[in-house]
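Report on the structure given below.
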Amino acid sequence: MGHNTMLSTGGGIVGLLILIFDLIVIFEVFNSNRSISGKLGWSLLVFFFPVVGIILYFLFSNRDQHNSRYEVLA
Numbered sequence: 001m002g003h004n005t006m007l008s009t010g011g012g013i014v015g016l017l018i019l020i021f022d023l024i025v026i027f028e029v030f031n032s033n034r035s036i037s038g039k040l041g042w043s044l045l046v047f048f049f050p051v052v053g054i055i056l057y058f059l060f061s062n063r064d065q066h067n068s069r070y071e072v073l074a
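In this text, residue positions in the sequence shown follow UniProt numbering: the first is 1, and each later residue adds one.
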């Protein structure tokens with residue numbers, strides 16, 4: 001019984017991490033200077049395919065260009 005509890009807890013933690021990354025990506029998308037269709041496209045991709053959407057967003061979204069209004073604090 002301990003083994004099943006450990007697996008269910010691990011799955012819950014993984015699910016929580018995916019939810020947190022989803023929220024970070026969606027927040028970043030809506031605060032970017034992308035077009036409405038770009039924002040909608042990325043948001044739908046992350047919403048319907050969370051793991052794949054997050055990976056594709058961080059690999060192909062050209063975040064530096066679209067998040068240019070963020071300042072480096074150094």
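A virtual CB, placed ideally from N, CA and C, is assigned to each residue, including glycine.
Would you list, in sequence order, the uninterrupted alpha helix (DSSP H) runs of no fewer than 4 residues that lie entirely inside the UniProt domain "Cardiolipin synthase N-terminal" (20 to 61)?
-> 36 to 48, 50 to 60
Mind checking if residue 34 is an interface residue toward chain B, Cβ cutoff 9 Å exclusive?
-> The chain labelled as chain B is not found in the depicted structure, where only one protein chain is given.
What number of angstroms, rounded off, separates the C-alpha of residue 12 from the C-alpha of residue 18?
-> 10 Å
Decide if residue 53 is buried, meaning its Cβ has at least 16 other Cβ atoms within 10 Å, or exposed.
-> buried
Since residue 30 contacts residue 39 with CB under 8 Å, what's their CB separation in whole angstroms?
-> 6 Å
Would you mind working out which of 14, 42, 51 sits nearest residue 62, comparing C-alpha positions?
-> 42
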